[in-house]
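Each remark here refers to the structure printed beneath this line.
Protein chains in written order, with our numbering: chain A, 580 to 863; chain B, 15 to 797.
Structure below.
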C-alpha cells in the first residue's frame, strides 16, 4: 500500500532532464562491510568487504578474517574463506525456525584495507515462511498496469498472525535479478492470513513480460522486522532518487557493530531466513 | 520579566494625554474607479505633520489640531490628493483616489509623502501589487505571486518547481499564508510549479519576513497576507486572459451601487487538453489540471459597518488512465464584519473556515481498489480592535482562536483502515502599541501570548524514558485519552511572544530601523523530501512534538534618493530556531500512526544581509536585490540513530549564500512594455557519497556528510514584451510574449547517485527541471 502511494508520486512525468556527469568525489578511508545470511536450507555465508571510492564501481574483499556463527548464544560454526573469492566466507551450518543467530567477525593486524577489530551482529530470529503453493506462467492481455505477454506469478497462503516479513529473489534464466529496482520485500500488514492469488490479494507477479521458454527460479524467504527496515532504507536510498521529491540521503545502518559498543556501527546486515523455492518455465 | 513589565507599562499607563485640543478625522480611502478600498494609503496633516496609514480594510483615523488645515493623501499607484478641512469638529472623511496611469506621458513625479518606507516602523516587509506581479516575465506567462516574491531579498525556494518558499532560512511550513485571513495549507498547484493565487483576483500581497506584528502568529518565519479584490462598487467590469497553461476570467461589479459589490474569478489549466496528442497511450489517457475559484461579496451596511464574505476553492487533479486518481486542494471561506465603533476605534471580527484535502485512489471496479483520503480542517475566530488613541499612540489588540481537526489518512476499498484523527485548539491574545515617542523615533511594541492544547479521543504510545529514542523497541505501553481529554497542553511562559520594531528617522529620506521577534509554531508539516508534496501531512504539537520557537533580530538602514524615486534598503538579521521537527535517517512518513517514531528534534540558525534597490515609479521601473545568507540545522541526539550528520551543524536544503536578482521593466511608449529578469544563486547543498558499499550484490552510496557539497550555480534570464492594443470603447486588450530561461541554461535541480540500469556501475546524475528556453504567449483583456 505504501509503495502504491509512493508510485503515485514518482510516476508523475515532470518536464525534466537527466544527464550522467563526472564528479570528483572525496576519498575517504575504507570502512568494513559485513553481510551474512543463515538459512534453514542453504549453509551459512558471510562476506567481509571494505568500502571503496564511490566511482570505483566495486568493493574489495577482506581476507584472513575469523568468522564465527552463534545459535542462541552458542558457537555453532566457524566459516572458511573461499579460495577464489577473497572476503567470501562459507560454513556448513543450517538453522531452524525459532533459533536466534548472530555472527562474530574478527580482522587481524596487517590487513591492507582496514585496521584490526572485532565486530558482531545483533541477534536475528529465524522466522516461519509458508510454502509456495504454485508458481506458473500465464498470458496476460495489455492493460494499463502491464504490457501484453507472458508473466510468471506465485500463489501462497500467508499464515495467520501479524508480524511476518518476506523477501523475494528471482533468477531469470539462472541469472539473479539483483539491481536495486529488483529489491522485493513486503509485510503482512494488509494480507495477514490471506491467500496471495485469491482476491482481494493478487498473485505475486515476478517479472515480465518475457518470451516462451524463459526459466525462473523463485526464492521466498522470511525476514525479521529489522531486515525489512534495512531493505526499506536500502531501497529508498537507491531507487527513490532522481525526482524533486527525493528523501534526503541517509546512512544505511544495519545490525553490525563493534563488539562491546552498539553505537559504533559497521556497514552491512546479517539476516536469518527460512527459504522456500519454486521453479517455472514460460509455456504457451 | 523586566522587559514584559516595561512593555505593560507602555501599554496601560504610558499613554500620555495631550492638553492641546484635537479633532479626529477618520474614514475610508478607496480607488475612485472601482471602489476598492486601499491598503497602506497614507494620510498626512500638513500643519501638524501627524500621519496615519489605512489598515487592511482601508480605514484610517488621524488626530489633528482643531484648526483649519490641509490633509494630504497618497497611495502607491494613485495620484496624490489634498483636501482642505475647517478643523472645527470630528469628521468622517471618505476619500477616493484616481489611479495614476502607467503610460509615460502621465508620469506623476511624486511630491513629499512618498517616503512612508522611511517613516513607518515596517522592517523586513515585502509588498507587491497585482500590476507589479503582472509586469514581471513569468514561466509560461502565468502571473505568479509566489514566484515573484522569490525575486525579492530573503525569499528563496529549493529549486524550480519546488513547492512553497523559504523566508530567511525558514522551512516552507513556517510561512503563515493567509488568503483573506484564511490559512492556506498548500500554496502550490502542479506540485509546486505555480501558486494557488490567481493574480487577477488579488488586490494586495504583503509578506512579513521579520518585524511580524503581534496580531499574526502560529508560524515561525513569515506571514504572507494576501487580500482578494472586493469587487467594483461603481460599474460592472471584467478581465481575463488566455495563456499557454491556463485561462482565467474575473468579473466584478456592483449589486447595489456604492453599497454592495461582488467579485468572482476562475482559472483553469489545460495542459491535459494536449495530452491526447501524445503517441504514448499512457500519456494520452492522463488527466492533469488545476482550477481555482475566488469569490467575494461585500455589503456596506451603513457608513460605519461593512460585511465581507469571501471564498476560495482550488484543486489539482491528476489521473493516470484507469490506474489511479490523485487530487488535492484548499477550500477557504471568510466572513468579516468591520465596525467603526467611533472615530478612533475600529473593530474587525472574522470567522474563517479552511480545509485542505487530498485523495489518492483507484477506480472502484479494479480488483484491488483502494482510496486514501486525508484532510485538515480548521475553524478560526478572530477579533481585532484598533484604537487610534491619539497622535502618538495607535493600539491594536485582539484574540484568535483556531480549532483544528487533522484526519491524516483513511483508506477504504478492499482493505479498510484509518489513522486516528487528532484534535487541537490554538488560542492567542495580543496587544501592540505604535508609539511615536518623538518626531523621529517610533516604537511598535507588541506582545502576543499563545498556546495549544491537543485533546482526545486518542491512543498514545508510552516509551521507555531512559531509552533516548522513540521506536518500536522502546514502546512500554499505551494511554487512552477520552473525548475532549487533554493529551498535551502548552500554555506556559514560553508562549509569550514579544514583538518589537523601532524606527529612528534621520531625515525625511533616511532612517534606521530595528526589530526583535519571537514566534511560536504549533502545527508542523511532516515532510522530509527535498520539495514538499501534496500528500505530506500536518501534525499539531502534542505529547511528543513540542512547539517550535524562533527568535529574530533585524537591523535595517533605509534611504530614498532622487525625490523618493529610488529606494534603498539594507537589512541584516540573525535568527535562531529551536524544537524544529527533523527526521530519522530513512524515515518512512507515509501512513504512520505513531509519527513520533520517525521524528527527531533539532535547532536551526539563519543569518544574512539583504540589499534592495528599487525604483517603482516612472517609465523605467525595477529592482536589484542581493542576499548574502546562511541557514543551518543541527540535530544532536544522544544516540547515533537520533543524530543527523553526527550532531554537527549542516546546511539546510535551501541554503543559498548568494542570491542576486535584477528585475527591469520599461514602458517604451503607450503600446509597448518590456520586462527582463536575471537571477543568480549559489547552488543548493546536496550530499555526495563518501564511499561505495554493497549488500548482496546491490551497490549503494555511503553518506555521512549531510549537504556537504553543492550543485553548480544557478542563473537564468527571462524576457517579456507586452503590446497593448489601442483602446476600444469598453475593451482593452494586450498580448504578452516572452521566454523563460532565454539562453537555455541547464540549471541543475539536484545531483543524485544510482547504479546504471544496464551495466550496474554506480554513477552520478544531474537532474534539471527547465533545461531549455521556455517561450510563452498570453492574451489579456479587460472591460
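Here a beta-carbon is modelled for each residue, glycine too, at the ideal position from N, C-alpha and C.
The structure displayed is predicted, hence computed values, not measured ones.
Extent of the continuous beta strand (DSSP E) to which residue i belongs
| i | result |
| --- | --- |
| residue 790/B | 788-796 |
| residue 617/B | 613-629 |
| residue 131/B | Looking at the DSSP string, residue 131/B is not in any beta strand (DSSP E); the run it does join, the alpha helix (DSSP H), is 130-133. |
| residue 81/B | It is not in any beta strand (DSSP E) - residue 81/B carries neither H nor E in the DSSP assignment. |
| residue 657/A | 653-660 |
| residue 502/B | 500-504 |
Simplified DSSP state of residue i, which is helix, strand or coil
| i | result |
| --- | --- |
| residue 573/B | strand |
| residue 696/A | strand |
| residue 119/B | Note that residue 119/B scores a pLDDT of 37, beneath 50, so its modelled location is shaky; the value from the coordinates is reported in the next line. Correct three-state label for residue 119/B: helix. |
| residue 64/B | coil |
| residue 633/A | helix |
| residue 213/B | helix |
| residue 766/A | strand |
| residue 542/B | coil |
| residue 642/B | strand |
| residue 772/B | coil |
| residue 846/A | strand |
| residue 610/B | helix |
| residue 655/B | helix |
| residue 760/A | helix |
| residue 73/B | strand |
| residue 605/B | coil |
| residue 398/B | strand |
| residue 258/B | coil |
| residue 298/B | helix |
Contact set for residue i: own chain, Cβ-Cβ below 7 Å, skip 5 residues either direction
| i | result |
| --- | --- |
| residue 588/A | Legend: pLDDT at residue 588/A = 41, less than 50; position of this residue unreliable, value from coordinates given subsequently. Only 824 meet the Cβ criterion. |
| residue 680/A | 617, 648, 649, 650, 674, 702, 703, 705 and 851 |
| residue 638/A | 612, 628, 629, 630 and 631 |
| residue 739/B | 747 and 748 |
| residue 14/B | In this structure chain B extends from 15 to 797, so residue 14/B is not present and cannot be described. |
| residue 620/A | 673 and 854 |
Same chain only: Cβ atoms within 8 Å of residue i, ignoring 5 sequence neighbours per side
| i | result |
| --- | --- |
| residue 806/B | Residue 806/B is absent from the model: chain B starts at 15 and stops at 797. |
| residue 523/A | In the structure displayed, chain A extends from 580 to 863; residue 523/A sits before or after that span and is not available. |
| residue 439/B | 415, 416, 417, 418, 466, 467 and 469 |
| residue 860/A | 716, 792, 793, 794 and 795 |
Start-to-end residues for the alpha helix (DSSP H) that takes in residue i
| i | result |
| --- | --- |
| residue 806/A | 804-818 |
| residue 161/B | 159-163 |
| residue 144/B | 144-149 |
| residue 692/B | Careful: residue 692/B lies outside any alpha helix (DSSP H), inside the beta strand (DSSP E) at 686-695. |
| residue 288/B | 285-288 |
| residue 480/B | Segment: none, residue 480/B is in no alpha helix (DSSP H) and carries neither H nor E. |
For residue i, the residue or residues it bridges with in DSSP
| i | result |
| --- | --- |
| residue 641/A | According to DSSP, which records beta bridges pairwise, residue 641/A is partnered with nothing at all. |
| residue 750/A | 755/A and 796/A |
| residue 13/B | Look at the range of chain B in this structure, 15 to 797, and you will see that residue 13/B is not part of it. |
| residue 743/B | According to DSSP, residue 743/B bridges with nothing at all. |
| residue 220/B | 141/B and 239/B |
| residue 583/B | 572/B and 626/B |
| residue 310/B | 277/B and 324/B |
| residue 715/B | 706/B |
| residue 729/B | 694/B |
Same chain only: Cβ atoms within 6 Å of residue i, ignoring 5 sequence neighbours per side
| i | result |
| --- | --- |
| residue 307/B | 280 and 327 |
| residue 191/B | 198, 201 and 238 |
| residue 503/B | 467 |
| residue 618/B | 591, 594 and 647 |
Near the ligand ADP: residue i beta-carbon under 8 Å from a heavy atom
| i | result |
| --- | --- |
| residue 640/B | With respect to the ligand ADP, the structure shown offers nothing to examine, as it has no ligands at all. |
>> Across the region 439-459 of chain B and the region 477-490 of chain B, are there enough close Cβ pairs to call them in contact, namely three or more that are closer than 8 Å?
In response: Contact between the region 439-459 of chain B and the region 477-490 of chain B is absent: fewer than 3 CB-CB pairs across the two stretches fall below 8 Å.
> Are there three or more Cβ pairs, one per stretch, closer than 8 Å when the region 532-550 of chain B is compared with the region 818-837 of chain A?
Replying inline: Yes, the region 532-550 of chain B touches the region 818-837 of chain A.
> Would you call the region 726-734 of chain A and the region 780-790 of chain A in contact, with 3 or more CB pairs under 8 Å?
Replying inline: The region 726-734 of chain A makes contact with the region 780-790 of chain A: 3 or more CB pairs, one atom from each, lie closer than 8 Å.
> For the region 348-356 of chain B against the region 376-389 of chain B, are there 3 or more C-beta pairs whose distance is under 8 Å?
Replying inline: Contact between the region 348-356 of chain B and the region 376-389 of chain B is not established, with fewer than three Cβ pairs separated by less than 8 Å.
> Does the pairing of the region 736-753 of chain A with the region 770-780 of chain A give three or more beta-carbon distances under 8 Å?
Replying inline: Yes: at least three Cβ pairs fall under 8 Å.
>> Using 8 Å as the cut-off, can you tell me whether the region 162-170 of chain B makes contact with the region 522-541 of chain B, which would need three or more C-beta pairs spanning the two stretches below that distance?
In response: These segments do not touch.
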